[in-house]
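2 protein chains.
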Amino acid sequence: MAMDGYRGFLGLLVSALLVGFLSVLFTLIWVLHYREGLGWDGTALEFNWHPVLVVTGFVFIQGIAIIVYRLPWTWKCSKLLMKSIHAGLHAVAAILAIISLVAVFDFHNAKNIPNMYSLHSWVGLTVVILYILQLLLGVSIFLLPWAPLSLRALVMPIHVYSGLLIFGTVIATVLMGVTEKLFFALNSSGYSTSPPEGIFTNTLGLLIVVFGALIFWIVTRPQWQRPKEPNSIFLQPNGGAQEGVEGSAINFSNVDKSDSELNNEAAARKRNFIVDEAGQRSTM
Amino acid sequence: MAMDGYRGFLGLLVSALLVGFLSVLFTLIWVLHYREGLGWDGTALEFNWHPVLVVTGFVFIQGIAIIVYRLPWTWKCSKLLMKSIHAGLHAVAAILAIISLVAVFDFHNAKNIPNMYSLHSWVGLTVVILYILQLLLGVSIFLLPWAPLSLRALVMPIHVYSGLLIFGTVIATVLMGVTEKLFFALNSSGYSTSPPEGIFTNTLGLLIVVFGALIFWIVTRPQWQRPKEPNSIFLQPNGGAQEGVEGSAINFSNVDKSDSELNNEAAARKRNFIVDEAGQRSTM
Chain A
408 MAMDGYRGFL
418 GLLVSALLVG
428 FLSVLFTLIW
438 VLHYREGLGW
448 DGTALEFNWH
458 PVLVVTGFVF
468 IQGIAIIVYR
478 LPWTWKCSKL
488 LMKSIHAGLH
498 AVAAILAIIS
508 LVAVFDFHNA
518 KNIPNMYSLH
528 SWVGLTVVIL
538 YILQLLLGVS
548 IFLLPWAPLS
558 LRALVMPIHV
568 YSGLLIFGTV
578 IATVLMGVTE
588 KLFFALNSSG
598 YSTSPPEGIF
608 TNTLGLLIVV
618 FGALIFWIVT
628 RPQWQRPKEP
638 NSIFLQPNGG
648 AQEGVEGSAI
658 NFSNVDKSDS
668 ELNNEAAARK
678 RNFIVDEAGQ
688 RSTM
Chain B
408 MAMDGYRGFL
418 GLLVSALLVG
428 FLSVLFTLIW
438 VLHYREGLGW
448 DGTALEFNWH
458 PVLVVTGFVF
468 IQGIAIIVYR
478 LPWTWKCSKL
488 LMKSIHAGLH
498 AVAAILAIIS
508 LVAVFDFHNA
518 KNIPNMYSLH
528 SWVGLTVVIL
538 YILQLLLGVS
548 IFLLPWAPLS
558 LRALVMPIHV
568 YSGLLIFGTV
578 IATVLMGVTE
588 KLFFALNSSG
598 YSTSPPEGIF
608 TNTLGLLIVV
618 FGALIFWIVT
628 RPQWQRPKEP
638 NSIFLQPNGG
648 AQEGVEGSAI
658 NFSNVDKSDS
668 ELNNEAAARK
678 RNFIVDEAGQ
688 RSTM
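Right, here's the structure in full:
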């Protein structure tokens, strides 16, 4: 990666970490300062774990898990290690999301509030189930060594698409959740006077949108992809040799066959990689 | 495009059109059957134009505008015509979105309801402004003939990224709007009993999410890209000749230099195109 590209990447990464960290901090301030605090007793204290765990796990940690292959200083680490970190972070996010659901169902049941009536709950439960399926499929096909390479090549585009779709849908669900909670907590006439809690929590919503936008940008820049493994020659579905199924996750720009030439930086980064790391690698 | 790929594309296109059409229909049924109907008199009748215009213009028409380059039967049309249709559909969507804002501000002002206090309004107004900027920039740089090709090449990835980010954010904003409106219209205790209007409108929300997911899938499949113009040789930023800045919008999958070989269908489609349409076009 050329120095300019590296600086651009670092700037965006630091921004994403900062905005993600601020989102978690704002959520904590919201429940601890504006709301009742945290506890596990069937009251609002238990409900309040729901936003804290969702924003920490299902937004922030999921976002980091999505871009983990893009960190240039991990490109010397083995692909297996990076896959384990990717899957491990997603697993942590899934566990926090599940606990966040337990908190809200517990709270509803203790208070005799119906479950699963709102659009937030419909989309939210669906996306948690899809996230767990995505995790299980991802581990089975890409982390464990048994899946044939042709299957990996077939599933990778679907894995990438559904991962980003799920991430975006989680963010949309969080925005619905913030909206719901403010209408409950302040009631609609209170919210409409723009009290400090309303302004503060709207700002939290904006932070989460910006976090999503940064992750989406970082993960769709072809020049910030992890370079291919020197020895990763994979089979095409039709049996021809094909390099690169594993070494890249996403490309998302105006691209065709000649695209990597368009992107001089990616090409330069790749050339450096070939020289520095791979030695015997054939030119492309 | 090979016949299998063509059928797959058609199936997804018909699904997207069906789900988009159902979303508009559900919105109309919502405001005409469950709500007060439509009018332009400062009452709820005027407010009701807000969801109708947003779902029709800012969701359905925007979604179609995004995938319009992907329709194989338009590949014989000139690029300029397709750009005009792309920009024209987005302009129609922008106008409907603006009228939908007028309806809601009018309604608020007539009823002395404060404006711009909710997260829905913050994100919604931001995304309408960004959409108009995106449209103006897109027309200036890609439709009008004055922008140098190096600028087009530089801006295209940003155009594609912000277009999809805006589309996703619009859908998230619609979901917040549905949530808000149901809490207003049914109040929270009424919504929590899952009345027919709640179930119906939650289903509308799901339809809109599915529509977004289908558009996102269609527009990120490299094999369904419009083929390059035979005579479109563009300059690279560094001065080298480069084909393809204009002829493709998005590629989004596990890709690198060798990706278009991985995708045999795309290669086959391209070969057919070369043979059928371009005659003198050099092989790649």
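Protein sequence lines, in the order shown, are assigned to chains A and B. Per the working numbering, residue 408 is the first one in the first sequence, and the count goes up by one each step. Per the working numbering, residue 408 is the first one in the second sequence, and the count goes up by one each step. No residue lacks a Cβ here, since even glycine has one placed at the ideal position from N, Cα and C. It should be emphasised that the depicted structure is a prediction, and the values quoted were computed from it without experimental measurement.
Q.
Given this structure, state the Cα-to-Cα distance separating I692 (chain B) from P629 (chain B), to the nearest angstrom.
A. In the structure as shown, chain B starts at 408 and stops at 691, and residue 692 (chain B) therefore has no counterpart that could be examined.
Q) Which residues, in chain order, does the stretch 527 to 540 of chain B contribute to contact with chain A at a C-beta distance below 7 Å? A) Taking 7 Å as the Cβ-Cβ cut-off, the stretch 527 to 540 of chain B approaches chain A at H527, W529, V530, given in chain order.
Q: Grab me the residues of G584 (chain A)'s own chain with a C-beta within less than 6 Å of its C-beta, minus the 5 sequence neighbours each way, in chain order.
A: The count along the first sequence starts at 1 and reaches residue 584 (chain A) at position 177. Here the set comprises H527.
Q. Between L572 (chain A) and chain B, is there a C-beta pair that is closer than 8 Å?
A. The residue given as residue 572 (chain A) occupies position 165 in the first sequence. Yes, L572 (chain A) counts as interfacial toward chain B.
**Q.** S569 (chain B) burial status per 10 Å Cβ neighbour count (16 or more: buried)
**A.** On the second sequence, residue 569 (chain B) is found 162 positions in, with the first residue counted as 1. S569 (chain B) should be labelled buried.
Q. At a Cβ cut of 9 Å, what residues of the stretch 607 to 627 of chain B count as close to chain A, listed as they run along the chain?
A. Per Cβ criterion, the list reads T608, N609, T610, L611, G612, L613, V616, G619, A620, F623, W624, T627.
Q: Taking K486 (chain A) as the reference, give the member of A:P552, A:N609, A:F590, A:I578 with the closest Cα.
A: Position 79 of the first sequence, counting from 1, holds the residue named residue 486 (chain A). Among A:P552, A:N609, A:F590, A:I578, the Cα nearest to that of K486 (chain A) belongs to A:P552.
Q. Checking contacts by CB at 8 Å: is M583 (chain B) closer than that to chain A?
A. Looking up residue 583 (chain B) in the second sequence gives position 176. M583 (chain B) counts as touching chain A.
Q.
Pairs of beta-carbons, one from the stretch 445 to 454 of chain A and one from the stretch 508 to 516 of chain A, closer than 8 Å: are there three or more?
A. yes
**Q.** Neighbour list for T600 (chain A) in chain B, Cβ cutoff strictly below 9 Å
**A.** Taking the first sequence and counting its residues from 1, the one referred to as residue 600 (chain A) is at position 193. Residues of chain B whose Cβ lies closer than 9 Å to the Cβ of T600 (chain A) are, in chain order, P521, Y524.
Q: Could you name the residues of chain A that G595 (chain B) contacts, counting a contact when the two beta carbons are closer than 8 Å?
A: One-based indexing of the second sequence puts residue 595 (chain B) at position 188. Correcting the residue identity first, residue 595 (chain B) is Ser in this sequence and not Gly. Simply F590, F591.
Q. Buried or exposed: where does G464 (chain B) fall if 16 or more other Cβ atoms within 10 Å of its Cβ makes it buried?
A. Within the second sequence, residue 464 (chain B) is the residue found at index 57, counting from 1. Buried, because 16 or more other Cβ atoms sit within 10 Å of the Cβ of G464 (chain B).
Q) Would R633 (chain B) be called buried (16 or more neighbouring beta carbons within 10 Å of its own) or exposed? A) Residue 633 (chain B) sits at position 226 when you count from the first residue of the second sequence. The residue is buried, with at least 16 neighbouring Cβ atoms inside 10 Å.
Q. Apart from the five residues on each side of it in sequence, which residues of its chain come closer than 6 Å, Cβ to Cβ, to T586 (chain A)?
A. Within the first sequence, residue 586 (chain A) is the residue found at index 179, counting from 1. Correct list: empty, nothing qualifies.
**Q.** Contacting residues, own chain, Cβ-Cβ under 7 Å from T580 (chain B) (five flanking each side not counted)
**A.** Locating residue 580 (chain B) in the second sequence gives position 173, counting from the first residue. These residues qualify, in order along the chain: H527, V530, G531, V534.
Q) What span of residues does the alpha helix (DSSP H) with W529 (chain A) cover, start to end? A) Counted from its first residue, the first sequence places residue 529 (chain A) at position 122. It spans 526 to 545 - the alpha helix (DSSP H) in which W529 (chain A) sits, taken as one unbroken run.
Q.
Does any residue of chain B have a CB that is nearer than 8 Å to the CB of R688 (chain A)?
A. In the first sequence, residue 688 (chain A) corresponds to position 281, counting from 1. Because R688 (chain A) sits at a pLDDT of 31, beneath the cut-off of 50, its placement in the model cannot be relied upon, and the following sentence gives the value as read from the coordinates. The Cβ of R688 (chain A) sits no closer than 8 Å to any Cβ of chain B.
Q) Got a sec? Which residues, its chain only, sit under 6 Å from A554 (chain A) by beta carbon, not counting five neighbours each side? A) The residue given as residue 554 (chain A) occupies position 147 in the first sequence. Closer than 6 Å at the Cβ level, and outside the excluded window around A554 (chain A), lie I548.
Q: May I ask which residues mark the beginning and end of the alpha helix (DSSP H) holding V438 (chain A)?
A: For this step, residue 438 (chain A) is matched to residue 31 along the first sequence. From DSSP, V438 (chain A) is part of no alpha helix (DSSP H); its letter is neither H nor E.
Q) Of all the CB atoms in chain B, is at least one closer than 8 Å to the CB of E636 (chain A)? A) Reading the first sequence from its first residue, position 229 is the one you call residue 636 (chain A). So, not an interface residue.
Q: Below 6 Å CB to CB, which residues in the same chain sit around A494 (chain A) once its five sequence neighbours on both sides are set aside?
A: Here the question's residue 494 (chain A) lines up with position 87 in the first sequence. Cβ neighbours of A494 (chain A) beyond the five flanking positions: V546, L550.
Q.
Can you pull out the residues from the stretch 550 to 569 of chain B whose beta carbon lies closer than 8 Å to at least one beta carbon of chain A?
A. A560, M563, P564, V567, Y568
Q: Return the chain-ordered list of same chain residues with a C-beta closer than 6 Å to the C-beta of V499 (chain A), the five sequence neighbours on each side being excluded.
A: Here residue 499 (chain A) refers to the residue found at position 92 of the first sequence. Closer than 6 Å at the Cβ level, and outside the excluded window around V499 (chain A), lie I468.
**Q.** Beta-carbon spacing of L460 (chain B), L503 (chain B) below 8 Å
**A.** For the purposes of this step, residue 460 (chain B) is taken as residue 53 along the second sequence, with counting starting at 1. For the purposes of this step, residue 503 (chain B) is taken as residue 96 along the second sequence, with counting starting at 1. L460 (chain B) places its beta carbon less than 8 Å from that of L503 (chain B).
Q: Mind listing the chain A neighbours of I578 (chain B)? Cutoff is C-beta to C-beta under 8 Å, in chain order.
A: Here residue 578 (chain B) is taken as the residue at index 171 of the second sequence, counted from 1. Ordered by position in chain A, the residues that pass the 8 Å Cβ test against I578 (chain B) are A579.
Q. Closer than 8 Å, CB to CB, is G412 (chain A) near chain B or not?
A. Mapped onto the first sequence, residue 412 (chain A) falls at position 5. It does not; no Cβ of chain B falls within 8 Å.
Q: Determine the DSSP secondary structure at Q632 (chain A), reduced to helix, strand or coil.
A: The sequence position of residue 632 (chain A) within the first sequence is 225, counting from 1. Three-state result, Q632 (chain A): coil.
Q) Apart from the five residues just before and just after G605 (chain B), which ones in its own chain have a Cβ nearer than 7 Å to its Cβ? A) In the second sequence, residue 605 (chain B) corresponds to position 198, counting from 1. Excluding sequence neighbours, G605 (chain B) sits near L589, L593, Y598.
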